[in-house]
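Everything below concerns the one structure shown next.
Next up, the structure:
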């Protein structure tokens, strides 16, 4: 692994991108280290030199994604309003996906991965990624802003479903298309906020 970390950052990103694409497209069992090597412009032997095994490469990718997601969703200068936090988080995710376009495909594949060779490690990484979402939870001060009769938890669920749909459209999209989708997502958030918040106080 040290030999891989010693590579120039650009070369590292080329290998990581090729591996994210291969595993994201095919899942753990069917992904080929030969395909990773070909796409990255290195020999298959170098893949094993850098990561030891196919599993070693996969676990490295899981950790790479966990770290990148954690940094992107740290929400430095956290917004006070719930909807503003949702928007901020979504924008940060979009910027991350622009830099690492194959990460979304890999993460979707990872969350569905059942191969027993990596099952325990994958479950561990799912649990590690979860804390990055804590900043998006509805807090007591948020609940007071919603109209009487509106269940904030259901609103959060609705926004989560919207995010999943937006993620599907963003998979493989150009930067311009991602920006368009983000702008559309913003409009949807504003519509929901305007309908569910106590207007006279919080809009």
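In the working numbering, the protein residues as written are 1 to 203.
Just so it is clear, CB atoms sit at the ideal spot from N, CA and C, and this is done for glycine as well.
Since the model is a prediction, treat every value here as computed from it, not as a measurement.
Cβ-Cβ distance between residue i and residue j below 8 Å
i, j, result
"residue 27", "residue 113", "yes"
"residue 192", "residue 87", "no"
"residue 138", "residue 120", "no"
"residue 65", "residue 122", "no"
"residue 51", "residue 1", "yes"
"residue 182", "residue 173", "no"
"residue 162", "residue 97", "no"
"residue 105", "residue 21", "yes"
"residue 15", "residue 55", "no"
Outcome for residue i when other beta-carbon atoms lying within 10 angstroms are tallied against a minimum of 16
i, result
"residue 101", "buried"
"residue 147", "exposed"
"residue 111", "exposed"
"residue 90", "buried"
"residue 164", "exposed"
"residue 208", "Since the first and last residues shown for the chain are 1 and 203, residue 208 lies out of range."
"residue 262", "Beyond the ends of the chain as shown, which are 1 and 203, falls residue 262; an answer cannot be given."
Distance, residue j Cα to residue i Cα
i, j, result
"residue 69", "residue 199", "34 Å"
"residue 151", "residue 169", "28 Å"
"residue 153", "residue 141", "14 Å"
"residue 196", "residue 17", "41 Å"
"residue 32", "residue 116", "17 Å"
"residue 48", "residue 19", "13 Å"
"residue 41", "residue 34", "10 Å"
"residue 39", "residue 144", "52 Å"
"residue 194", "residue 80", "17 Å"
"residue 60", "residue 125", "11 Å"
"residue 204", "residue 67", "The question about residue 204 has no answer here: the residues shown for the chain are numbered 1 through 203."
"residue 3", "residue 184", "43 Å"
"residue 166", "residue 187", "13 Å"
"residue 12", "residue 108", "22 Å"
"residue 82", "residue 95", "20 Å"
"residue 58", "residue 175", "27 Å"
"residue 99", "residue 36", "19 Å"
"residue 30", "residue 43", "19 Å"
"residue 9", "residue 128", "25 Å"
"residue 149", "residue 158", "16 Å"
"residue 71", "residue 53", "27 Å"
In DSSP terms, what residue i is bridged to
i, result
"residue 197", "146"
Heavy atom of the ligand NAD within 7 Å of residue i beta-carbon
i, result
"residue 31", "The ligand NAD is not part of the structure shown, which contains no ligands of any sort."
- Message: In chain order, what are the residue ranges of uninterrupted alpha helix (DSSP H) at least 4 long that sit wholly in the stretch 21-75?
- Response: 33-40, 44-51 and 54-72
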